[in-house]
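In terms of UniProt numbering, the sequence shown opens at residue 1 and continues consecutively. A virtual CB, placed ideally from N, CA and C, is assigned to each residue, including glycine.
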Amino acid sequence: MKCKQPLAVITVHRPWGYAIAHLGKDIENRSWCPRIPVGSFLAIHNGMKWDADGEWLLRQNYGEKLPDRNSDPAGAIVAISQFDGCVREGESPWFAGPVGWKLKDVVAIEPVYCRGQQGLWFPSAKDLNTLRENYRQSKTSLAKV
């Protein structure tokens, strides 16, 4: 992961971070488009809150694949993707709007525990180094599959 820009992070309610990291969720629904360049790396942080309605929706389609509330890491960055722009309508089944952030090349990583924030935020230098290492390790593991 070579960042021309600082690594931006967005916090999502659980289990949506899991859906991005493991279930192919390629859209993050928001009311606004971030001011980061297309192609920038965007980290996905699991917040502390659990979305029970979201869990119900995901269980309808993914059942056993979805972790329970106690095994989905809370307060941790769980994936790194590339930001691929914003859409106001979309073909992705994950689009609910009003603005969809397109995510591509998502890589699930070993969780990096850190405090989240609202809006886009940036990790500490220490956490950024750990994120880079976990990303490299995950990419290396994927290449062996």
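Residue i - DSSP class collapsed to helix/strand/coil
i, result
"Arg30", "strand"
"Ile10", "strand"
"Arg132", "helix"
"Lys25", "coil"
"Gly17", "helix"
"Ser141", "helix"
Residue i CB to nearest heavy atom of the ligand SAH below 7 Å
i, result
"Ser124", "Absence of the ligand SAH from the depicted structure is noted, as is the absence of any ligand whatsoever, leaving it without description."
Cβ pair residue i, residue j closer than 8 Å
i, j, result
"Trp121", "Pro34", "no"
"Pro67", "Pro111", "no"
"Asp26", "Ser92", "yes"
"Trp50", "Arg30", "no"
*Kindly provide the ranges of any alpha helix (DSSP H) runs that are 4 or more residues long and lie completely inside the stretch 42-130, ordered along the chain.*
The DSSP assignment places complete alpha helix (DSSP H) segments of no fewer than 4 residues inside the stretch 42-130 at 52-62, in order along the chain.
*Can at least three beta-carbon pairs, one atom from the stretch 81-92 and one from the stretch 109-117, be found at a separation below 8 Å?*
Of all C-beta pairs linking the stretch 81-92 to the stretch 109-117, fewer than three are shorter than 8 Å, placing the two stretches out of contact.
*contact_flag[the stretch 46-64, the stretch 127-144] where n(CB pairs < 8 Å) is 3 or more*: The stretch 46-64 is not in contact with the stretch 127-144.
*State whether the stretch 76-84 contacts the stretch 99-113, with contact taken as three or more CB pairs (one from each stretch) at a distance under 8 Å.*
Between the stretch 76-84 and the stretch 99-113 there are three or more inter-stretch CB-CB distances shorter than 8 Å, so the stretches are counted as touching.
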